[in-house]
Amino acid sequence: MFESKSGVFFIAGLFFFAFAFLSNAVVPALMYQHLPEQTAAELVNPNLRYQFEDLAQRFPEQFEKHIGTPPEDLQAADGWYNEKCAEMLKLGRDIYVGEGCWHCHSQFVRPVSNESLRFGPVSQSEEYQNELQRPVMFGTRRVGPDLSREAGRRSSDWHAVHFFKPTDLSVGSPMPPYPWFFEGSAEKPNRRGLALITYIQWLGSWLDSYPYYEDYDQSPVAKIEAAAAKAAAKAKELEDSPEAETATEAE
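With the sequence shown counted from 1, adding 8 to any position gets you my numbering.
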């Protein structure tokens with residue numbers, strides 16, 4: 009075989025193919041071996057927390073039944089929400105894998121074909137350095153859209169209806185219904201349904217800037233209180249101004 013040029017090129021081709029194949033696995037592993045792999049608890053961020061608490065408001069009875077009731081103490085409630093959110097995030101990921109969602113949906117925005125215009129920022133390798141990406145959820149094809157930037161695009165009750173009966177929202181959708189995530193209707197997601205919605209609302213929630221992401225107010229009550237305090241301070245400033253004192257003396 010080595011006596012002919014074709015034999016030499018054939019052996020060389022096999023060698024370089026094997027080298028390229030192995031390097032695709034070894035080089036990334038060496039590049040990121042010093043970076044810690046994030047746990048589900050570390051993946052809980054303010055955007056996801058908002059969505060998780062939003063689930064409690066949209067489906068109060070189901071949330072209490074399948075997840076529980078937060079403590080009355082605010083500090084304890086904060087820790088409780090983080091713990092339960094991480095728990096549901098892991099369960100939702102397992103359901104996503106078990107139901108074969110990755111067969112029809114990708115989780116990787118490629119730097120080709122203007123995908124960033126349709127789905128959002130091109131995916132970065134650091135996004136996959138966590139326990140929810142083991143194995144990595146790149147997917148196999150796109151029957152449906154890429155989901156790696158899905159967080160916040162749609163409300164949680166939209167996702168509930170979509171899982172219960174997809175064609176009610178997307179006419180002609182090839183996606184099958186998932187009635188076993190509910191207790192008879194889209195208004196009653198069970199534990200598995202709540203977990204899957206939590207997982208979907210996590211995908212892309214870590215991005216600092218995202219064109220399709222809604223700008224959520226973490227606490228509308230706090231915003232109202234801040235506005236009231238600002239108005240009170242302004243009124244106090246006007247009362248203490250020289251013009252106000254002059255007007256009082258004139259009276």
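Beta carbons are placed, not taken as given, at the ideal position from N, Cα and C, and that holds for glycine.
What is the rounded straight-line gap between the Cα of residue i and the Cα of residue j?
i, j, result
"Phe-18", "Tyr-58", "58 Å"
"Met-145", "Phe-127", "16 Å"
"Thr-175", "Asp-165", "15 Å"
"Ser-14", "Arg-118", "37 Å"
"Ala-27", "Pro-36", "Note on residue identity: the sequence assigns Phe, not Ala, to residue 27. Cα to Cα, the separation comes out at about 14 Å."
"Asn-32", "Gln-65", "46 Å"
"Leu-99", "Gly-201", "10 Å"
"Ile-286", "His-170", "Because the chain spans 9 through 259 in this model, residue 286 falls outside it and cannot be assessed."
"Leu-97", "Thr-47", "11 Å"
"Leu-177", "Tyr-186", "14 Å"
"Asp-225", "Gly-147", "The pLDDT assigned to Asp-225 is 47, lower than 50, so where the model puts this residue is not dependable, and the model offers no usable value."
"Leu-155", "Gln-115", "5 Å"
"Phe-29", "Leu-51", "31 Å"
"Val-120", "Pro-79", "48 Å"
"Val-34", "Phe-23", "16 Å"
"Glu-123", "Met-39", "26 Å"
"Pro-182", "Leu-43", "40 Å"
"Asp-248", "Asn-53", "43 Å"
"Ser-163", "Asp-81", "28 Å"
Use the C-beta contact count for residue i: other C-beta atoms within 10 angstroms, 16 or more gives buried, fewer gives exposed.
i, result
"Lys-238", "exposed"
"Val-229", "Because Val-229 sits at a pLDDT of 44, beneath the cut-off of 50, its placement in the model cannot be relied upon, and the point is left open."
"Ala-168", "buried"
"Thr-77", "exposed"
"Gln-83", "exposed"
"Asp-216", "exposed"
"Gln-41", "exposed"
"Val-179", "exposed"
"Leu-246", "exposed"
"His-8", "In the structure as shown, the chain starts at 9 and stops at 259, and residue 8 therefore has no counterpart that could be examined."
"Gln-137", "exposed"
"Ala-240", "exposed"
"Phe-260", "With the chain represented from 9 up to 259, any question about residue 260 goes unanswered, as that position is not in the structure."
"Arg-161", "buried"
"Ser-213", "buried"
According to DSSP, what are the bridge partners of residue i?
i, result
"Pro-197", "Phe-190"
"Gln-46", "Asn-138"
Could you tell me how far apart the beta carbons of residue i and residue j are, in whole angstroms, since I believe they sit closer than 8 Å?
i, j, result
"Leu-204", "Tyr-104", "6 Å"
"Phe-67", "Pro-197", "6 Å"
Using CA atoms only, rank isn't needed, just tell me which of the options is closest to residue i.
i, options, result
"Glu-260", "Lys-242, Lys-244, Tyr-207, Phe-190", "Nothing about residue 260 can be reported from this structure: the residues present for the chain run from 9 to 259 only."
"Lys-73", "Glu-11, Ser-181, Arg-199, His-113", "Arg-199"
"Glu-45", "Glu-134, Pro-153, Leu-177", "Glu-134"
"Arg-157", "Phe-29, Pro-143, Gln-132, Met-39", "Gln-132"
"Ala-192", "Lys-173, Trp-210, Thr-148", "Note on residue identity: the sequence assigns Gly, not Ala, to residue 192. Out of Lys-173, Trp-210, Thr-148, Lys-173 has the C-alpha closest to the C-alpha of Gly-192."
"Glu-261", "Leu-38, His-113, Ser-12, Leu-63", "Nothing about residue 261 can be reported from this structure: the residues present for the chain run from 9 to 259 only."
"Pro-143", "Arg-150, Leu-30, Arg-149, Trp-110", "Trp-110"
"Trp-210", "Met-39, Ala-49, Gly-106", "Ala-49"
"Ala-159", "Asp-102, Val-34, Asn-55", "Asn-55"
"Glu-107", "Thr-206, Glu-11, Trp-188, Ile-75", "Trp-188"
"Glu-139", "Ser-181, Ile-75, Leu-125, Ala-94", "Ala-94"
"Phe-71", "Ser-181, Ala-236, Lys-92", "Lys-92"
"Asp-102", "Leu-125, Val-130, Gln-141", "Gln-141"
"Thr-206", "Ala-20, Glu-11, Ile-75", "Ile-75"
Is any heavy atom in the ligand PLP found nearer than 7 Å to the beta carbon of residue i?
i, result
"Trp-210", "No copy of the ligand PLP occurs in the structure displayed, which carries no ligand at all."
Check whether the Cβ of residue i lies closer than 8 Å to any Cβ atom in chain C.
i, result
"Ser-193", "Here chain C cannot be found, since the structure has a single protein chain."
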